[in-house]
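Novice: Would you mind keeping the following structure in view while I ask a few things?
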Amino acid sequence: MQLVELLASLLLLLSFAMLAQRRIASLVNLFALQGAVLAASTVAVAASAGLHHLYYSAALTLALKVLLLPYFLRRLIARLDLQWDTETLARIPMQMLAGLGLVIFAFGLAQPISRFGHEITRETLGIAIAMVLLSLLMMIGRRKAVSQVVGFLALENGMVFAATTATQGMPMVVEFGIALDVLVGAVILGVFFFQIREQFDSLELRHLETLKED
Amino acid sequence: MELIALLGLPLLGGAALALWGASPRAAELNALFSLATFVAGGALTARVILGGPLVIGNEQFFIDAFNVFLVALTSLVGLTTALFSRPYMRIETDRGHLSPGRLRLYHSMYQLFMFTMLLALTTNNMGILWVALEAATLTTVLLVSLYRTAASLEAAWKYFILCGVGIAQALFGTILLYFAAERLLGASGGALLWTHLDAVKGQLEPTVLAIAFVFLLVGYGTKVGLVPLHNWLPDAHAEGPTPVSAVLSGLLLNVALYAVVRCKILVVGALHSDLPGRMLMGFGLLSVLVAAFFLWRQRDVKRLFAYSSIEHMGIITFAFGMGGPVANFAALLHMTVHSLTKSAIFFAVGHATQKAGTQNMEDIRGLLLRSPTIGWGLMLGSLAILGMPPFGVFASEFLILTTAMREQPWATPILLLALGVAFGAIFRRVQPMVFGEPHARRLPHSPALLPVFAHLLLVLMLGLYIPGQLAAWYRLAAGLIG
Amino acid sequence: MTLSALLTQAAAVVTAAALAPLLVGWVNQCRAWLQNRTAPPLLLPYRTLRKLLHKDAVLAESASPLFRAVPYVVFGCMLVAAGIIPSLGTDLPAGRAADAIALVGLFATARMFMALGAMDVGTAFGSLGARREMLIGFLAEPALLMVLFNVALISGSTAMPVIVDRLVAQGFAVNPSLAFAALAFVMVLLAENARLPIDNPATHLELTMIHEAMVLEYSARHLALIEWAAALKLFNYACLGFAFFLPLGLASEDTGPTALLLGATWLAAKLLLAGAGLALFETLSAKLRVFRAPEFLAMAFMLAVLGLLTRLLFSGGVA
Numbered sequence: 000m001q002l003v004e005l006l007a008s009l010l011l012l013l014s015f016a017m018l019a020q021r022r023i024a025s026l027v028n029l030f031a032l033q034g035a036v037l038a039a040s041t042v043a044v045a046a047s048a049g050l051h052h053l054y055y056s057a058a059l060t061l062a063l064k065v066l067l068l069p070y071f072l073r074r075l076i077a078r079l080d081l082q083w084d085t086e087t088l089a090r091i092p093m094q095m096l097a098g099l100g101l102v103i104f105a106f107g108l109a110q111p112i113s114r115f116g117h118e119i120t121r122e123t124l125g126i127a128i129a130m131v132l133l134s135l136l137m138m139i140g141r142r143k144a145v146s147q148v149v150g151f152l153a154l155e156n157g158m159v160f161a162a163t164t165a166t167q168g169m170p171m172v173v174e175f176g177i178a179l180d181v182l183v184g185a186v187i188l189g190v191f192f193f194q195i196r197e198q199f200d201s202l203e204l205r206h207l208e209t210l211k212e213d
Numbered sequence: 000m001e002l003i004a005l006l007g008l009p010l011l012g013g014a015a016l017a018l019w020g021a022s023p024r025a026a027e028l029n030a031l032f033s034l035a036t037f038v039a040g041g042a043l044t045a046r047v048i049l050g051g052p053l054v055i056g057n058e059q060f061f062i063d064a065f066n067v068f069l070v071a072l073t074s075l076v077g078l079t080t081a082l083f084s085r086p087y088m089r090i091e092t093d094r095g096h097l098s099p100g101r102l103r104l105y106h107s108m109y110q111l112f113m114f115t116m117l118l119a120l121t122t123n124n125m126g127i128l129w130v131a132l133e134a135a136t137l138t139t140v141l142l143v144s145l146y147r148t149a150a151s152l153e154a155a156w157k158y159f160i161l162c163g164v165g166i167a168q169a170l171f172g173t174i175l176l177y178f179a180a181e182r183l184l185g186a187s188g189g190a191l192l193w194t195h196l197d198a199v200k201g202q203l204e205p206t207v208l209a210i211a212f213v214f215l216l217v218g219y220g221t222k223v224g225l226v227p228l229h230n231w232l233p234d235a236h237a238e239g240p241t242p243v244s245a246v247l248s249g250l251l252l253n254v255a256l257y258a259v260v261r262c263k264i265l266v267v268g269a270l271h272s273d274l275p276g277r278m279l280m281g282f283g284l285l286s287v288l289v290a291a292f293f294l295w296r297q298r299d300v301k302r303l304f305a306y307s308s309i310e311h312m313g314i315i316t317f318a319f320g321m322g323g324p325v326a327n328f329a330a331l332l333h334m335t336v337h338s339l340t341k342s343a344i345f346f347a348v349g350h351a352t353q354k355a356g357t358q359n360m361e362d363i364r365g366l367l368l369r370s371p372t373i374g375w376g377l378m379l380g381s382l383a384i385l386g387m388p389p390f391g392v393f394a395s396e397f398l399i400l401t402t403a404m405r406e407q408p409w410a411t412p413i414l415l416l417a418l419g420v421a422f423g424a425i426f427r428r429v430q431p432m433v434f435g436e437p438h439a440r441r442l443p444h445s446p447a448l449l450p451v452f453a454h455l456l457l458v459l460m461l462g463l464y465i466p467g468q469l470a471a472w473y474r475l476a477a478g479l480i481g
Numbered sequence: 000m001t002l003s004a005l006l007t008q009a010a011a012v013v014t015a016a017a018l019a020p021l022l023v024g025w026v027n028q029c030r031a032w033l034q035n036r037t038a039p040p041l042l043l044p045y046r047t048l049r050k051l052l053h054k055d056a057v058l059a060e061s062a063s064p065l066f067r068a069v070p071y072v073v074f075g076c077m078l079v080a081a082g083i084i085p086s087l088g089t090d091l092p093a094g095r096a097a098d099a100i101a102l103v104g105l106f107a108t109a110r111m112f113m114a115l116g117a118m119d120v121g122t123a124f125g126s127l128g129a130r131r132e133m134l135i136g137f138l139a140e141p142a143l144l145m146v147l148f149n150v151a152l153i154s155g156s157t158a159m160p161v162i163v164d165r166l167v168a169q170g171f172a173v174n175p176s177l178a179f180a181a182l183a184f185v186m187v188l189l190a191e192n193a194r195l196p197i198d199n200p201a202t203h204l205e206l207t208m209i210h211e212a213m214v215l216e217y218s219a220r221h222l223a224l225i226e227w228a229a230a231l232k233l234f235n236y237a238c239l240g241f242a243f244f245l246p247l248g249l250a251s252e253d254t255g256p257t258a259l260l261l262g263a264t265w266l267a268a269k270l271l272l273a274g275a276g277l278a279l280f281e282t283l284s285a286k287l288r289v290f291r292a293p294e295f296l297a298m299a300f301m302l303a304v305l306g307l308l309t310r311l312l313f314s315g316g317v318a
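Residue numbers (numbering that gives the first Met the number 0), protein chains in the order written: chain A, 0 to 213; chain B, 0 to 481; chain C, 0 to 318.
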């Protein structure tokens, strides 16, 4: 239980770290780390609650979020020559404060729900909601395609955390479906990057703001 | 058996067209698979109507009157769109807008999209429902960016990010639903099955379900295109190929709304209050109103009708929000006629834009003189979508309005105002396009007009006379929604 | 008030005053080793202090009496602070009189006088340093307060001896909110003590200075007191960190001189390690631009609040 709490806090911390990280390559590393902590927390819940099917979902997380997707993203970054690309993030302190506000909101939102949860993992739902909201905040603040996608995947991490820890695992078929969707989505986005760059010669999203109401 | 065919055929079609999608006969193959799917859908519909609801496949699939009606509609529109896309995509290829590889992608993704739609409709598992809708996003993203132009890439990116984020909220809602249900149903997999949830909905924890519904409504509502989550919709409609616009408007929005209604049934049962209904009404009214005013500012014909889709989705959402047998009946009817009419309009618009070589309405003129059938198709379709009698849209809107007057009188003026504004906006645009002086070119392939008039005929029929069997079926479905 | 309490109190203040320059010397020596330089003697700070104390003070013509008072006030503040932080034992009579929030007040008073003194003469660098110092302080103080609230929430008191006693009684357990608070505290420590990455204590470039810019006008005994106070501040912060996050070997109430001696040994060991760690960190990191400092401190604040929030979440309290 202590371990789950610690890992949950670590996940939250990593969400904040991603919010403030400027370098895209480091962002991917943080994402991989978050995936690893996620897998660890799933194992911790599985061990303490004696739920065997959670080991599979931990393995799934490990394979997808720690190995496959970061590998894919790193290769993409290398192919697109983005290793040293940084994001110009203004007002990080403001983002931090906004993030704190979101965390308070998330904890408040989770409070009436979480008392119906399991003994071991009762309090982690608030952290899961906070992770989701922080990833959203991160996506709003980003102007580069790659970091928006990392934000999207981090959002997914929040979901998986809610599914595995707070509710102690969804049915396996659903988890596989979700994983498949995420994987396919990431691949499609990877294809997209090349198309966008071919079209605009950069991955700045400000090029993608021409369609407006006129 | 029918179900296996219904789901297997599009999947098989997707695989087959991934191999042969660029061959000269690929369009026919596409239509053939769609036809077979339609036959399977029809057979399934007949079976459910005659034999009552089905729960099959280890309880993973559940078909009742409500979703089988959408299955029938989806497979029908899937078939007619496939017929329409045959000449349309040929013209695009001839004009060099598409390479054979893209055409293969298009055909394959079209079938896979149909598969995700049908899976979303027939599954009994709320988790699979989410997975199918997310997969629908993925397949259509590739279709929206088919032309690889700057604008289409932007539209597809926006579509992916907004819908991806939106639908992630729906996943969270689903997780919360599971969270609440697991206490009652145990972790053995039954806790996400809609039939099981429906059976125990009265005992589900209200607070959890209320919060879950907010997430679900925001998530699936993004896909329905409810204001203020609608930003992706006009772009995706305008920049993708026209058959894709037709299936987005005619099918995807319906299926997303279906998901919302399924969730609403559960949440209303758990909450013992009308909160979900009120939320649906609020979102619906807002969508109707905002879309109606945005209609005035459109120059692109596909954007115009995309906003019209938002408006109509708003009307249907409002009707489902009111609830009760009459409003639900009207909402189901409106879903049907909107889907048919809107896809017919997109078929006509598709050919009209190909003729004019532009989607800008200022440059599309005199359709009636150059190609009377397309002109009439667009004119009649627009009149139908605007709710003119004797088309079916009139009947459903009339029902919705009268119900609103009786049950939610405050909303009626808003609805009437929005409908009036929308009428003016669309009519003033369509009229010169159809009548004015022509300057169009000949199409290299004869356009597919059968789908247009088949749809409009159906809508006309539904406006004049709803067969007793069909009405009974609608009533049954409306009763299920509660 | 027992005799042993008085003994602990006196020992705390005397140890702090005596050992603070040694800590600075140790950090400098470690840093020199890590950077492959010839290390300065460990006792160099003492010699510098002695040298400065024997010199005649030179004052700027425009200096007011305030300018001369500042070193004494600052040094006094730090000495009092040393008296209320449980460094050797928790049986501190002064600790009952002034709690953790008063400690923050003491630090703030010292900072304010430093800034006033720096601006008093009216030189450009002085006021530049003072303004930067106030900026840092303005951001670091809330973070420090949040850290203190964190530990206060866990132990249910703001009196430092009580906090430490309860934390010791709780035993060692991985507590997420304490971990967050510890991280935030280290960041505040770096910022408040003019260490990298906020300020470079070894810099000779006036434009990048913060702390050094403020003391440019001081000489002789005034400078000695200020340097000594700065060393004391670092020492105090280190002891504060040990007390909250590493309360090993602290003598508890009603224990004799042997326990104090044991506490002193522990303290020396911890300072040895912490000094080396600080030197290592400073060797590895680069100075942030001044405009990035708010970011750094916002991070510290965020961490501290996060610790507070997780505490509330996991204890099932209101959030």
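For each residue, glycine too, the CB sits at the ideal point set by N, CA and C.
Owing to the predicted nature of the structure, the values given are computational and were not obtained by experimental measurement.
Anything in chain A within Cβ reach of PHE179 (chain C), meaning under 8 Å, just list it in chain order.
Specialist: Residues of chain A passing the Cβ test: SER8, LEU12.
Novice: Within 10 angstroms of the Cβ of TRP193 (chain B), are there 16 or more other Cβ atoms? Answer buried if so, exposed if not.
Specialist: By the neighbour-count rule (16 or more Cβ atoms within 10 Å), TRP193 (chain B) is buried.
Novice: Closer than 8 Å, CB to CB, is ARG101 (chain B) near chain A or not?
Specialist: Answer no: the Cβ-Cβ gap between ARG101 (chain B) and chain A never drops below 8 Å.
Novice: Tell me, please, whether the segment 54–71 of chain A touches the segment 154–171 of chain A by the rule of three or more beta-carbon pairs shorter than 8 Å.
Specialist: Yes, since at least three Cβ pairs between the segment 54–71 of chain A and the segment 154–171 of chain A fall closer than 8 Å, the two stretches touch.
Novice: Along the segment 16–27 of chain A, where does the CB come closer than 7 Å to a CB of chain C? Name the residues.
Specialist: Flagged, chain order: ALA19.
Novice: Under 8 Å, Cβ to Cβ, is there at least one residue of chain A near ILE3 (chain B)?
Specialist: ILE3 (chain B) does not count as touching chain A.
Novice: Taking the straight line between their C-alpha atoms, what separation do you get for SER74 (chain B) and GLY40 (chain B)?
Specialist: Using only the alpha carbons, I get a separation of about 6 Å.
Novice: Just checking: is the beta-carbon of THR166 (chain A) within a distance shorter than 8 Å of some beta-carbon in chain B?
Specialist: Chain B contact via Cβ: present.
Novice: Let me confirm a value: PHE137 (chain C) is counted as buried when at least 16 other C-beta atoms fall within 10 Å, else exposed. Which label applies?
Specialist: So PHE137 (chain C) ends up on the exposed side.
Novice: Taking Cβ positions only, does GLY7 (chain B) come closer than 8 Å to chain A?
Specialist: Output row for GLY7 (chain B): interface = no.
Novice: Strictly below 8 Å CB to CB, what residues from chain B border THR209 (chain A)?
Specialist: Result: ALA149, ALA150, GLU153.
Novice: Give the interface partners of PHE215 (chain A) over in chain C, defined as CB-CB distance under 8 Å, in chain order.
Specialist: With chain A represented from 0 up to 213, any question about residue 215 (chain A) goes unanswered, as that position is not in the structure.
Novice: On a CA-only basis, which of A:HIS51, A:GLU155, A:HIS52, A:PRO111 is nearest MET130 (chain A)? Give me that one, please.
Specialist: Answer by Cα proximity: A:GLU155.
Novice: Tell me the DSSP bridge mates of THR122 (chain B)?
Specialist: In the DSSP output, where bridge partners are listed per residue, THR122 (chain B) has B:PHE60.
Novice: Can you say whether GLN1 (chain A) is buried or exposed, counting buried as having 16 or more other CB atoms within 10 angstroms of its CB?
Specialist: Classification of GLN1 (chain A): exposed, given that the 10 Å Cβ count is below 16.
Novice: Relative to the C-alpha of ALA11 (chain C), which residue among C:LEU266, C:GLU140, C:HIS210 is closest?
Specialist: Among C:LEU266, C:GLU140, C:HIS210, the Cα nearest to that of ALA11 (chain C) is on C:LEU266.
Novice: From which residue to which residue does the alpha helix (DSSP H) around ILE195 (chain A) run?
Specialist: It spans 171–199 - the alpha helix (DSSP H) in which ILE195 (chain A) sits, taken as one unbroken run.
Novice: For chain A, check one thing: does any of its Cβ atoms lie closer than 8 Å to the Cβ of PHE60 (chain B)?
Specialist: Cβ-Cβ to chain A under 8 Å: no for PHE60 (chain B).
Novice: Can you pull the chain A residues whose beta carbon is under 7 Å from the beta carbon of TRP231 (chain B), in chain order?
Specialist: By Cβ distance, chain A contributes nothing, its closest Cβ being about 10 Å from TRP231 (chain B), past 7 Å.
Novice: Could you tell me which uninterrupted alpha helix (DSSP H) segments, each at least 4 residues in length, are contained entirely in the segment 208–289 of chain C, listed from first to last along the chain?
Specialist: Fully enclosed alpha helix (DSSP H) runs of 4 or longer: 210–213, 219–244, 256–283.
Novice: List the residues of chain B whose Cβ lies closer than 8 Å to the Cβ of LEU68 (chain A), in chain order.
Specialist: Neighbours of LEU68 (chain A) on chain B: none; closest Cβ ~15 Å, over 8 Å.
Novice: Whole beta strand (DSSP E) runs in the segment 233–274 of chain B with 3 or more residues, listed along the chain?
Specialist: Fully enclosed beta strand (DSSP E) runs of 3 or longer: not present.
Novice: Can you tell me which residues form a DSSP beta bridge with ARG22 (chain A)?
Specialist: Answer is A:THR85.
Novice: Roughly how many whole angstroms lie between the Cα atoms of ALA318 (chain C) and VAL23 (chain C)?
Specialist: At ALA318 (chain C), the pLDDT of 36 sits below 50, so the modelled position is not reliable; the number obtained from the coordinates is stated separately. Rounded to the nearest angstrom, the two C-alpha atoms are 42 Å apart.
Novice: Figure out for me which residue from B:ALA237, B:GLY185, B:PHE304, B:LYS222 has the closest Cα to the Cα of PHE426 (chain B).
Specialist: Among B:ALA237, B:GLY185, B:PHE304, B:LYS222, the Cα nearest to that of PHE426 (chain B) belongs to B:PHE304.
Novice: How should PRO412 (chain B) be labelled, buried or exposed, when 16 other C-beta atoms within 10 angstroms of its C-beta is the threshold for buried?
Specialist: That one is exposed.
Novice: Could you check whether the segment 32–48 of chain C touches the segment 111–128 of chain C, counting it as contact only if at least three pairs of C-beta atoms, one from each stretch, sit closer than 8 Å?
Specialist: Judged by Cβ distances under 8 Å, the segment 32–48 of chain C makes no contact with the segment 111–128 of chain C, as fewer than three pairs qualify.
Novice: Answer yes or no: does any C-beta atom of chain A fall closer than 8 Å to that of LEU141 (chain B)?
Specialist: Closer than 8 Å: yes.
Novice: Where do the ends of the alpha helix (DSSP H) carrying VAL69 (chain C) lie?
Specialist: Taken as a continuous stretch (DSSP letters only), the alpha helix (DSSP H) holding VAL69 (chain C) covers 64–83.
Novice: For a contact meaning CB atoms closer than 7 Å, what does MET186 (chain C) contact in chain A?
Specialist: Within 7 Å Cβ-Cβ: nothing; MET186 (chain C) doesn't reach chain A, min ~13 Å.
Novice: Just list the residues that DSSP pairs LYS143 (chain A) with in beta bridges.
Specialist: According to DSSP, which records beta bridges pairwise, LYS143 (chain A) is partnered with A:GLU203.
Novice: Does the CB of GLU361 (chain B) have a neighbour CB from chain A at under 8 Å?
Specialist: Closer than 8 Å: no.
Novice: Whether or not the segment 68–88 of chain A and the segment 23–35 of chain A are in contact is what I'm after, with contact meaning three or more pairs of Cβ atoms, one per stretch, closer than 8 Å; do they touch?
Specialist: Output reads yes: the segment 68–88 of chain A touches the segment 23–35 of chain A.
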